[in-house]
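Colleague: My questions will all concern the structure given below.
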Amino acid sequence: MCQHQPPCPTSDSADRDAARLVAHHPEQGWSLLCNGVLLFEDTGELLPNGQIIAPQRQSRTAA
63 MCQHQPPCPT
73 SDSADRDAAR
83 LVAHHPEQGW
93 SLLCNGVLLF
103 EDTGELLPNG
113 QIIAPQRQSR
123 TAA
């Protein structure tokens, strides 16, 4: 359970990415948040319940 004040958002909250970092490994491309969410450098996520959130790809627009 999160000990931060105010508490970090839970892993099932819409703002789950706002939780504090507890481990950061940029050389491996991932970070662990206080709520148990694994964030990957490609913007994908792995939730504590095993659910995978696909990377968010930005579409390119012609200039």
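Per my numbering, residue 63 is the first one in the sequence shown, and the count goes up by one each step.
Just so you know, even glycine gets a beta-carbon here, dropped at the ideal spot from N, CA and C.
Every value quoted in this text rests on a predicted model; they were computed, and no experiment measured them.
1. Over what stretch of residues does the beta strand (DSSP E) that includes S93 continue unbroken?
2. Buried or exposed for E89, going by 16 or more other Cβ atoms inside 10 Å?
3. Apart from the five residues just before and just after A116, which ones in its own chain have a Cβ nearer than 7 Å to its Cβ?
4. What do you get for R78, buried or exposed, if any count of 16 or more other CB atoms within 10 angstroms of its CB means buried?
5. If we ignore side chains and look at the alpha-carbon of each, how far apart do C64 and Q120 end up?
Modeller: Inspection of the coordinates gives the following:
1. W92 to L95
2. exposed
3. G106
4. buried
5. 32 Å
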